[in-house]
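Here the structure is laid out as structure tokens; the discussion comes afterwards.
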Amino acid sequence: MFSWVSKDARRKKEPELFQTVAEGLRQLYAQKLLPLEEHYRFHDFHSPALEDADFDNKPMVLLVGQYSTGKTTFIRHLIEQDFPGMRIGPEPTTDSFIAVMHGPTEGVVPGNALVVDPRRPFRKLNAFGNAFLNRFMCAQLPNPVLDSISIIDTPGILSGEKQRISRGYDFAAVLEWFAERVDRIILLFDAHKLDISDEFSEVIKALKNHEDKIRVVLNKADQIETQQLMRVYGALMWSLGKIINTPEVVRVYIGSFWSHPLLIPDNRKLFEAEEQDLFKDIQSLPRNAALRKLNDLIKRARLAKVHAYIISSLKKEMPNVFGKESKKKELVNNLGEIYQKIEREHQISPGDFPSLRKMQELLQSQDFSKFQALKPKLLDTVDDMLANDIARLMVMVRQEESLMPAQAVKGGAFEGTMNGPFGHGYGEGAGEGIDDVEWVVGKDKPTYDEIFYTLSPVNGKITGANAKKEMVKSKLPNTVLGKIWKLADVDRDGLLDDEEFALANHLIKVKLEGHELPADLPPHLIPPSKRRPQ
Numbered sequence: 157m158f159s160w161v162s163k164d165a166r167r168k169k170e171p172e173l174f175q176t177v178a179e180g181l182r183q184l185y186a187q188k189l190l191p192l193e194e195h196y197r198f199h200d201f202h203s204p205a206l207e208d209a210d211f212d213n214k215p216m217v218l219l220v221g222q223y224s225t226g227k228t229t230f231i232r233h234l235i236e237q238d239f240p241g242m243r244i245g246p247e248p249t250t251d252s253f254i255a256v257m258h259g260p261t262e263g264v265v266p267g268n269a270l271v272v273d274p275r276r277p278f279r280k281l282n283a284f285g286n287a288f289l290n291r292f293m294c295a296q297l298p299n300p301v302l303d304s305i306s307i308i309d310t311p312g313i314l315s316g317e318k319q320r321i322s323r324g325y326d327f328a329a330v331l332e333w334f335a336e337r338v339d340r341i342i343l344l345f346d347a348h349k350l351d352i353s354d355e356f357s358e359v360i361k362a363l364k365n366h367e368d369k370i371r372v373v374l375n376k377a378d379q380i381e382t383q384q385l386m387r388v389y390g391a392l393m394w395s396l397g398k399i400i401n402t403p404e405v406v407r408v409y410i411g412s413f414w415s416h417p418l419l420i421p422d423n424r425k426l427f428e429a430e431e432q433d434l435f436k437d438i439q440s441l442p443r444n445a446a447l448r449k450l451n452d453l454i455k456r457a458r459l460a461k462v463h464a465y466i467i468s469s470l471k472k473e474m475p476n477v478f479g480k481e482s483k484k485k486e487l488v489n490n491l492g493e494i495y496q497k498i499e500r501e502h503q504i505s506p507g508d509f510p511s512l513r514k515m516q517e518l519l520q521s522q523d524f525s526k527f528q529a530l531k532p533k534l535l536d537t538v539d540d541m542l543a544n545d546i547a548r549l550m551v552m553v554r555q556e557e558s559l560m561p562a563q564a565v566k567g568g569a570f571e572g573t574m575n576g577p578f579g580h581g582y583g584e585g586a587g588e589g590i591d592d593v594e595w596v597v598g599k600d601k602p603t604y605d606e607i608f609y610t611l612s613p614v615n616g617k618i619t620g621a622n623a624k625k626e627m628v629k630s631k632l633p634n635t636v637l638g639k640i641w642k643l644a645d646v647d648r649d650g651l652l653d654d655e656e657f658a659l660a661n662h663l664i665k666v667k668l669e670g671h672e673l674p675a676d677l678p679p680h681l682i683p684p685s686k687r688r689p690q
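Per my numbering, residue 157 is the first one in the sequence shown, and the count goes up by one each step.
Printed below as a string of structure tokens:
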């Protein structure tokens, strides 16, 4: 690629034009961020260079958990189909990383073949060597769920004596590599064994800086009573609080994620609501994928800038001829002071700096004489990208999101509760009586009529002031009562007749029972006298 001063100047004046967000991210990375990363050897310290497949791939979900927490069963539950290489059992059965992806035919692609395929986002996993690649495969199959997302199954994290056995590769580092590239990380826990082993603790710490992607699933919750479940949930939150060092509470989904009957059905409604929430979260991934990639590129650019300052500072402190080794040891030991100096000079947040301990370990094996001095032009290019190009891409992200369906993931378990009587909340709350021939409010109308006739109706209707006196007895806020009034006043005349008053009381009951009010009045709740003849 040739570059002239005039071309650079012209490029600064003319904004970059992109057809899609993925294309924009790919070009910005290659033209503006990659040169900075290569100049300061960012890839030797942090993460490998991004490739085209990293910008074009489908959203990925990473499943992590100790053995026998139901990771593989969870995937089977989502896609409602066995996949190649699947093994389920109470012992540590999944001993490989399995990327479950869409393909025209069922089959398995082994790790060594997978990392040379330019269409897959796994080429940089080659750095982890044969010990890992022999334990890595892609299970591809035609499945509607996998049309929209890919799922990464991981080996069960070991506990007790088993965790002392070496895997032959850096398990935490592999998970960290995946964590940077996936859209959602699901940590699975078994309600019967909440102990977080040393290896699991190390893994969760490796996921630091990706807390926004983490969701926690407390699986097999149907096997314990409600009282025990409360204690287990409390114990899990306490354990997670010690490892995930964030002031916010991590989101935990409780349920039994497989297709077998519930052993203890007491909490069925809770499990259904939790499953729907988790499904909605997963279904939103394709819609938010471009925004996630944009966010990850911004995080990477900020880290690359800080890395450039660190490397150039170390280069500046090194002597030209004598005492290089002793100076190197001194600089590594005093790296914390260098961090503070850079923080003050360049007004950089402490949260943008890489782990001090990890950086010190990596610097031990580096030749400081090969480090580069500060090159402001490279940093200015990245600053320009963050200030201008990213803002333009942000507008395109919103445009692309508006064109996508809210629930883009279809098929498998996502279809089972979409419509019909087994949809979440069907026939409950404002949906009660949806399939009844008779008006559902009619059964309680005699009780509501007695109250209605005590409120001085004129020509069969009561005023808003009189209705308010009765409605405020529910102790619901005025904002809620105002919405109920709008829904109940079907003919919009500012008065309520006996049917409308009964409807208002029915909606108050719905709200007091903990259900949400509908945005518009469902057809089955419209009073019989107000229905249009069909």
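Glycine included, every Cβ here is placed at the ideal spot set by N, Cα and C.
Values in this document were obtained by computation on a predicted structure and should not be read as measured data.
Would you check if the distance between the CB atom of residue i and the CB atom of residue j is smaller than 8 angstroms?
i: Glu336; j: Ser203; result: yes
i: Gly567; j: Asn299; result: yes
i: Met262; j: Pro277; result: The sequence shown places Glu at residue 262, rather than the Met named in the question. No; because the gap between Cβ atoms is not below 8 angstroms, this pair is not in contact.
i: Asp378; j: Ser412; result: yes
i: Glu355; j: Ile313; result: yes
i: Thr117; j: Phe334; result: Any answer about residue 117 is impossible in this case: the structure gives the chain only from 157 up to 690.
i: Asp350; j: Ala391; result: Just to set this straight, residue 350 is Leu in the shown sequence, not Asp. A contact, by the Cβ cut-off of 8 angstroms.
i: Gln432; j: Phe570; result: no
i: Glu381; j: Ile410; result: no
i: Arg443; j: Asp339; result: no
i: Leu123; j: Leu181; result: The shown model of the chain, from 157 to 690, leaves out residue 123, and the question about it has no answer.
i: Lys309; j: Ile231; result: Note that residue 309 is Asp in the sequence shown here, rather than Lys. In this structure, Ile231 lies closer than 8 angstroms to Asp309 by Cβ.
i: Lys617; j: Leu651; result: yes
i: Ser468; j: Gln528; result: yes
i: Ile305; j: Val565; result: yes
i: Phe288; j: Val330; result: yes
i: His348; j: Lys376; result: yes
i: Ser235; j: Val301; result: Reading the sequence as shown, one finds Ile at residue 235 and not Ser. Their beta carbons are under 8 angstroms apart, which means Ile235 touches Val301 by this criterion.
Classify residue i as helix, strand or coil using the three-state DSSP reduction.
i: Arg696; result: This structure cannot speak to residue 696, because the chain is shown only from 157 to 690.
i: Ala205; result: coil
i: His680; result: helix
i: Phe230; result: helix
i: Met474; result: coil
i: Ser440; result: coil
i: His258; result: strand
i: Asp303; result: helix
i: Ala564; result: coil
i: Gly705; result: The requested residue 705 does not occur in the structure, where the chain is confined to residues 157 to 690.
i: Ile466; result: helix
i: Gly263; result: strand
i: Gly670; result: coil
i: Ile744; result: Lying before the first or after the last residue shown, residue 744 is absent from the chain, which here runs from 157 to 690.
Could you tell me the alpha carbon to alpha carbon distance between residue i and residue j, rounded to whole angstroms?
i: Ala295; j: Met386; result: 37 angstroms
i: Lys625; j: Ala658; result: 15 angstroms
i: Glu556; j: Phe524; result: 45 angstroms
i: Gln516; j: His195; result: 20 angstroms
i: Ile590; j: Leu673; result: 15 angstroms
i: Arg513; j: Thr229; result: 38 angstroms
i: Glu332; j: Ser395; result: 21 angstroms
i: Lys147; j: Arg197; result: Given that the chain is displayed from residue 157 to residue 690, the structure contains no residue 147 and the question cannot be resolved.
i: Ala209; j: Glu501; result: 37 angstroms
i: Asp303; j: Thr635; result: 43 angstroms
i: Leu668; j: Gly587; result: 15 angstroms
i: Glu594; j: Pro678; result: 14 angstroms
i: Ser353; j: Val359; result: 10 angstroms
i: Ala457; j: Val538; result: 7 angstroms
i: Gln670; j: Asp545; result: The displayed chain sequence assigns Gly, not Gln, to residue 670. Cα-Cα distance, rounded: 46 angstroms.
i: Gln384; j: Asp437; result: 27 angstroms
i: Glu404; j: Gly397; result: 9 angstroms
i: Asn423; j: Tyr495; result: 51 angstroms
i: Pro215; j: Glu193; result: 25 angstroms
i: Pro260; j: Met393; result: 42 angstroms
Here's a check: name, in chain order, each residue in its chain whose Cβ is nearer than 8 angstroms to the Cβ of residue i, leaving out the five neighbours to either side.
i: Val462; result: Ile498, Ile504, Asp508, Phe509 and Pro510
i: Ile682; result: Val646
i: Lys480; result: Met474, Phe524 and Ser525
i: Pro421; result: Asp378
i: Leu343; result: Val220, Gly221, Ile360, Ile370, Arg371, Val372 and Val373
Can you name, in chain order, every residue of its own chain whose Cβ lies under 6 angstroms from the Cβ of residue i, other than the five neighbours on each side?
i: Asp251; result: Pro311
i: Pro633; result: none
i: Phe211; result: Ala178, Leu181 and Arg182
For residue i, I'd like the list of residues in its chain whose CB is within less than 7 angstroms of its CB, leaving aside the five on either flank, ordered along the chain.
i: Asn661; result: Tyr604
i: Pro506; result: Glu499
I want to check one thing, is the minimum distance from the CB of residue i to the heavy atoms of the ligand ADP below 7 angstroms?
i: Arg407; result: Because no ligand of any kind appears in the structure shown, any question about the ligand ADP cannot be addressed here.
(message) Could you check whether the region 262-272 touches the region 183-192, counting it as contact only if at least three pairs of C-beta atoms, one from each stretch, sit closer than 8 angstroms?
(response) No, the region 262-272 does not touch the region 183-192.
(request) Give a yes or no on contact between the region 449-465 and the region 481-488, applying the rule of three or more CB pairs nearer than 8 angstroms. (result) Between the region 449-465 and the region 481-488 there are fewer than three C-beta pairs closer than 8 angstroms, too few to call the two in contact.
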